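Quick notes on the structure that follows.
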Amino acid sequence: MGEATAEVGGVRRARAAEAAELSELALRSKAHWGYDAEFLEACRPELTLTPELIEQQDVYVLENGGRIVGFYSLVPWKSEIELCHFFVDPPAIGRGVGRQLWDDAVERARARGHRRFLIQSDPNAEGFYRKLGAERIGLVPSQARPGRDLPLLVYAIDSGE
């Protein structure tokens with residue numbers, strides 16, 4: 003691996019003891035989009051990671067200088083896999099953290115034999131995913147706010163090496 007990996011620290015499995023830290027990072031990341039306090043509070047349950055969830059799911063973090071700057075999870079969904087909990091700490095947005103996490107997620111999904119993965123996206127993050135090649139295939143209802151729909155995206159993993 004190159005110097006960039008050593009400098010950033012690379013992507014690694016999350017630890018159960020990091021649940022509160024990851025939950026707070028997710029809330030800060032969601033707040034970056036200018037949502038009001040009431041909406042953020044409504045989102046808190048779905049943004050909260052528990053130690054049990056981290057132990058049961060594949061949650062990965064990216065560190066920089068010993069500090070977690072982003073994370074994601076890959077979660078089985080029916081016969082598919084879903085990219086979930088994809089969050090970057092606001093001070094790290096625009097610094098390549100999201101791209102590094104994305105590339106890692108793609109490689110891990112590919113290594114498991116998946117040809118695509120699904121993403122239920124925040125409307126504000128849809129452009130990021132689409133820029134990387136994901137396509138909108140529909141809408142799904144938001145758990146946090148009735149009547150609000152979220153983009154449902156799919157990313158086709160290039161199976162060619």
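Heads up: take any position in the sequence shown, counting from 1, add 2, and you land on this note's numbering. Glycine included, every Cβ here is placed at the ideal spot set by N, Cα and C. Keep in mind the model is a prediction, meaning the values are calculated, not measured.
Just how far apart, CA to CA, sit residue i and residue j?
i: Arg30; j: Val63; result: 16 Å
i: Glu82; j: Gly100; result: 22 Å
i: Arg110; j: Gln102; result: 12 Å
i: Arg15; j: Ala39; result: 31 Å
i: Arg117; j: Val156; result: 10 Å
i: Glu57; j: Arg17; result: 8 Å
i: His34; j: Gly135; result: 23 Å
i: Glu65; j: Leu27; result: 12 Å
Which residues mark the beginning and the end of the beta strand (DSSP E) in which residue i is found?
i: Ile121; result: Arg118 to Gln122
i: Ala158; result: Asp151 to Ala158
For residue i, which of helix, strand or coil comes out of DSSP?
i: Ala146; result: coil
i: Gly129; result: helix
i: Leu24; result: helix
i: Leu141; result: strand
Taking the alpha helix (DSSP H) that residue i falls in, what are its first and last residues?
i: Arg46; result: Ala39 to Leu49
Stretch pair the stretch 35-53 + the stretch 134-142: three plus CB contacts closer than 8 Å: no
Runs of alpha helix (DSSP H) wholly within the stretch 67-122 (minimum 4 residues, chain order): 99-113
Would you be able to state if there are at least three C-beta pairs under 8 Å between the stretch 146-155 and the stretch 113-131? yes
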